[in-house]
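Numbering (the numbering used here), first residue to last: 32 to 143.
Glycine residues also receive a C-beta, built at the ideal position from the N, C-alpha and C atoms.
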């Protein structure tokens, strides 16, 4: 099993969710986050005063899938979240040693 963590632009969330549902992803966790990378924040003007925005709003997706499905999920997120502009995000893939469905006690791939 693999844990896929993706940080994407917030306005791409629904489009990514629909694309993942279409390929058979049955669930995900979504968190609103702030971060910076190459984009390094920017400056804005509010009521005539300039201020630095050091962290940019993003959405973090956490998805656990079978190892066989991981590459397809990564490709789908990358293709759907891409805007060709700086700050499109990052995707990380980690190994998952165990999963348990609390309600039924099912484990590992049966739990996802």
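Can you tell me whether residue i is buried or exposed, with buried defined as 16 or more other CB within 10 angstroms of its CB?
i, result
"residue 92", "buried"
"residue 131", "exposed"
"residue 56", "buried"
"residue 37", "buried"
"residue 87", "buried"
"residue 117", "exposed"
Rounded to a whole number of angstroms, what is the C-alpha to C-alpha distance between residue i and residue j?
i, j, result
"residue 98", "residue 32", "5 Å"
"residue 109", "residue 44", "12 Å"
"residue 50", "residue 69", "26 Å"
"residue 95", "residue 119", "21 Å"
"residue 64", "residue 89", "5 Å"
"residue 104", "residue 54", "8 Å"
"residue 122", "residue 112", "11 Å"
"residue 134", "residue 62", "23 Å"
"residue 39", "residue 101", "17 Å"
"residue 127", "residue 67", "26 Å"
"residue 59", "residue 84", "29 Å"
"residue 107", "residue 129", "24 Å"
Quick check: does the Cβ of residue i come within less than 6 Å of any heavy atom belonging to the ligand GTP?
i, result
"residue 114", "Ligands in the displayed structure: none, and consequently the ligand GTP is not present."
What are the start and end residues of the beta strand (DSSP E) that includes residue i?
i, result
"residue 126", "120 to 126"
"residue 62", "60 to 66"
"residue 95", "87 to 96"
"residue 33", "33 to 39"
List the endpoints of the continuous alpha helix (DSSP H) containing residue i.
i, result
"residue 133", "Run containing residue 133: none; DSSP gives neither H nor E here."
"residue 110", "101 to 112"
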